[in-house]
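In terms of our numbering, the sequence shown opens at residue 3 and continues consecutively.
Heads up, the thing below is written out as C-alpha cells.
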Amino acid sequence: MTDYYKILGVSEDATTDEIKKTYRKLAKRYHPDANPNDKQAETRFKEISEAYNVLSDPKKKQQYDTMRKFGAGYGAGGAQKGAAGFSFDDIMSMFGERSGFTKGSRFTGFGSFADIFSSIFSEKGFGGFAGGDFKTGMADAPRKGDDILADIEIPFEDAVNGGKKTIKINIEQPCDRCHGSGVTPGSKATVCPECKGRGTVTFSHGSFAVSRPCPRCLGRGQITGNPCRKCSGRGKIFGPKVVKINIPSGIESGKKIRLKGLGNPGVNGGPPGDLYLKIIVSGHQYFWREGKDIYCRVPISLRQAILGGKIKVRTLTKQVELKIPPGTSSGQRFRLKGLGLSVNGVRGDQYVEVKVEVPKNLTEQQKQLFEKFADNVGLN
3 MTDYYKILGV
13 SEDATTDEIK
23 KTYRKLAKRY
33 HPDANPNDKQ
43 AETRFKEISE
53 AYNVLSDPKK
63 KQQYDTMRKF
73 GAGYGAGGAQ
83 KGAAGFSFDD
93 IMSMFGERSG
103 FTKGSRFTGF
113 GSFADIFSSI
123 FSEKGFGGFA
133 GGDFKTGMAD
143 APRKGDDILA
153 DIEIPFEDAV
163 NGGKKTIKIN
173 IEQPCDRCHG
183 SGVTPGSKAT
193 VCPECKGRGT
203 VTFSHGSFAV
213 SRPCPRCLGR
223 GQITGNPCRK
233 CSGRGKIFGP
243 KVVKINIPSG
253 IESGKKIRLK
263 GLGNPGVNGG
273 PPGDLYLKII
283 VSGHQYFWRE
293 GKDIYCRVPI
303 SLRQAILGGK
313 IKVRTLTKQV
323 ELKIPPGTSS
333 GQRFRLKGLG
343 LSVNGVRGDQ
353 YVEVKVEVPK
363 NLTEQQKQLF
373 EKFADNVGLN
C-alpha cells in the first residue's frame with residue numbers, strides 16, 4: 003500500500019498547513035519545468051501530487067487513514083486497492099476516454115505540467131490533483147503561452163540563398179477588442195452560479211468524493227462580465243500578421259524557424275509562447291535538390307549523344323560549359339563539383355542528367371539514310 007505520508011515526508015498528525023507547505027516545496031523542486039527530460043522527477047512529481055490530493059482533503063485523508071488501519075489497498079501502480087481505492091492511474095484511466103489520456107499515457111504537447119492539469123481537470127471539468135487549493139496553486143500560477151505552428155511557402159531561390167525576409171501569415175492571435183481576456187471591456191464580474199463562488203465542485207466515484215475546479219469559471223469563483231462579441235469569449239482571433247524572418251541558406255522543406263515570444267500570450271502574467279514556421283520550399287522548373295546537391299535535366303541531340311560535343315548548363319549562380327563524350331546514353335549523369343548548395347559551410351555538387359532527343363517526323367529519305375546507318379553500325 004502506498005504510503006502518502008512517507009512520499010511527502012510528513013508525520014501522520016501533520017496539520018493541513020504543514021502538508022500544504024511541504025507539498026509546495028517538493029512540487030517546486032520536482033516540477034517538470036524545472037527538470038526537463040527528467041523522467042524520475044516527473045514520476046516523483048506525480049507521486050507528490052497524488053499524495054497531496056489525498057492528504058490535503060480531510061474526507062479523503064480520513065478514508066485513507068481508515069484503509070491503512072485495516073490494511074486495505076489505497077494507492078497507485080499495481081498496489082492492491084479496496085473499495086475506496088483511488089490513485090493517479092485510476093484518474094487517468096477513468097477520464098482517459100473523455101480527456102484524451104489513458105493509463106500509462108505520456109504527457110507531451112503541453113507548455114508545462116501545470117498545463118496538463120489545467121487542460122484535463124479545468125477545461126474538461128474533471129477532478130483536480132490539489133483539491134481546493136488547485137485554483138490558487140496551479141490554475142492561477144504564471145504559465146507560458148501556447149506555441150503557434152504555421153506553414154509558410156518560400157521560393158526555391160530563397161531557400162538556396164537565404165537572407166532576411168518580411169512575410170505575412172494568417173495565425174491565431176490575441177483579440178484586439180478584449181486584448182485576449184475574452185470578455186467585453188468594462189463589464190463587471192459576478193459570482194459563479196455553478197460553484198457559488200467557491201471555485202470548486204465535487205462529484206462522487208462510488209463512495210469517494212473528488213474535488214475539481216469549477217468548469218464554468220475555471221476555478222476562479224467569478225464570471226468576468228459578458229463574452230467579447232468579436233472573439234466569442236475565446237480571447238483569440240485569426241488574422242494576418244507581418245513578421246520578419248531570417249532564412250538560413252540551404253534550408254529544406256520540413257525545417258522550422260523559431261520566432262521567440264511571438265506565440266500566444268502567457269497565462270496569469272506568464273511569458274508568451276513562441277511562433278514556429280514550418281518551411282515548405284516551392285518546386286523549381288529547372289532544378290531539384292537532394293540534401294546539399296543540386297540536380298537538373300538537359301536535352302542533347304542524337305548527334306551530340308553519338309559524336310559528343312559541348313553544351314551550356316545553368317547552375318545556381320552562372321552558366322558553365324559541359325563536355326559530352328561520344329556514345330552518351332539518355333539518363334547518364336555528369337558531376338559539376340562544388341556547384342551545389344552550401345550547407346553549414348560544406349558545399350555540395352550539381353549533377354546534370356542528359357536526355358537524348360530523338361528526331362521525329364522524318365522524311366522518307368531521312369528514314370532510308372538512317373536505316374543504312376543502322377545497318378552499317380549493327381543497330382537492331
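Cβ atoms here follow ideal geometry from the backbone N, Cα and C, with glycine treated the same way.
May I have the straight-line CA-CA distance separating residue i from residue j, to the nearest angstrom?
i	j	result
Gly-272	Ala-152	22 Å
Gly-147	Glu-174	12 Å
Pro-144	Thr-319	51 Å
Gly-347	Gly-340	12 Å
Arg-39	Cys-180	Checking the sequence shown, residue 39 turns out to be Asn, not Arg. Those two C-alpha atoms are separated by around 37 Å.
Arg-299	Arg-337	12 Å
Gly-199	Arg-31	32 Å
Pro-187	Phe-240	20 Å
Val-244	Arg-260	15 Å
Glu-366	Thr-330	27 Å
Glu-254	His-33	36 Å
Asp-92	Thr-18	For Asp-92, the predicted model reports a pLDDT of 45, less than 50, meaning its position is unreliable; a value from the coordinates is still stated below. Distance between the alpha carbons of Asp-92 and Thr-18 is about 24 Å.
Thr-45	Thr-68	26 Å
Ser-251	Asp-35	33 Å
Gly-165	Ile-156	12 Å
Asp-15	Lys-48	23 Å
Name the two residues that bound the continuous alpha helix (DSSP H) containing residue i.
i	result
Gln-370	366 to 379
Lys-357	Taken as a continuous stretch (DSSP letters only), Lys-357 belongs to no alpha helix (DSSP H), being part of the beta strand (DSSP E) at 352 to 359.
Lys-30	18 to 32
Val-56	41 to 57
Lys-8	6 to 10
Would you mind reading off the limits of the beta strand (DSSP E) that contains residue i?
i	result
Ser-303	295 to 303
Val-283	277 to 283
Leu-261	258 to 261
Thr-168	165 to 176
Glu-292	289 to 292
So, under 8 Å CB-CB, residue i and residue j are touching, yes? Tell me the CB distance rounded to an integer number of Å.
i	j	result
Pro-242	Asn-172	6 Å
Pro-301	Lys-362	In fact, because the Cβ distance is near 13 Å, the residues do not count as touching under 8 Å.
Gln-321	Lys-312	At roughly 12 Å, the Cβ-Cβ gap does not stay under 8 Å, so Gln-321 and Lys-312 are not in contact.
Lys-280	Leu-343	No, Lys-280 and Leu-343 are not in contact; Cβ-Cβ is about 20 Å, not under 8 Å.
Asp-160	Ile-249	6 Å
Arg-335	Val-360	So it is not a contact: roughly 19 Å between Cβ atoms.
Ile-50	Ala-29	6 Å
Ser-284	Phe-158	6 Å
Can you list, in chain order, the residues of its chain with a C-beta nearer than 6 Å to that of residue i? Leave out the 5 residues immediately preceding and following it.
i	result
Asn-37	Ala-43
Tyr-288	Cys-298
Gln-306	Ile-326
Asn-228	Thr-186, Ser-189
Trp-290	Tyr-297
Between residue i and the rest of its own chain, which residues show a CB-CB distance below 7 Å, the 5 nearest in sequence each way excluded?
i	result
Glu-125	Low per-residue confidence applies at Glu-125: pLDDT is 39, beneath 50, and the placement is therefore not dependable, though the value from the model is reported in the following sentence. No residues qualify anywhere along the chain.
Pro-328	Ile-308, Leu-309, Gly-310
Val-12	Glu-20, Ile-21, Thr-24
Leu-381	none
Ile-169	Ile-154, Val-245, Ile-247
Lys-41	none
Under 8 Å Cβ to Cβ from residue i, same chain only, skipping five residues before and after it: list those, please.
i	result
Asp-149	Gly-113, Gly-265, Asn-266, Gly-275, Asp-276, Leu-277, Tyr-278
Leu-364	Phe-372
On the DSSP bridge assignment, give the partners of residue i in chain order.
i	result
Ala-152	Leu-279
Arg-335	Glu-355
Ser-344	Arg-349
Glu-323	Lys-314
Lys-238	Pro-176
Thr-202	Pro-215
Arg-231	Per DSSP, none; premise fails for Arg-231.
Lys-190	None, per the DSSP bridge assignment.
Asn-266	Note: Asn-266 sits in no beta bridge, so no partner.
Lys-243	Ile-171
Ile-225	Thr-192
Asn-248	Lys-166
Please find out if some non-hydrogen atom of the ligand GTP comes closer than 6 Å to the beta-carbon of residue i.
i	result
Pro-195	Here there are no bound small molecules, and the ligand GTP is not part of this structure.
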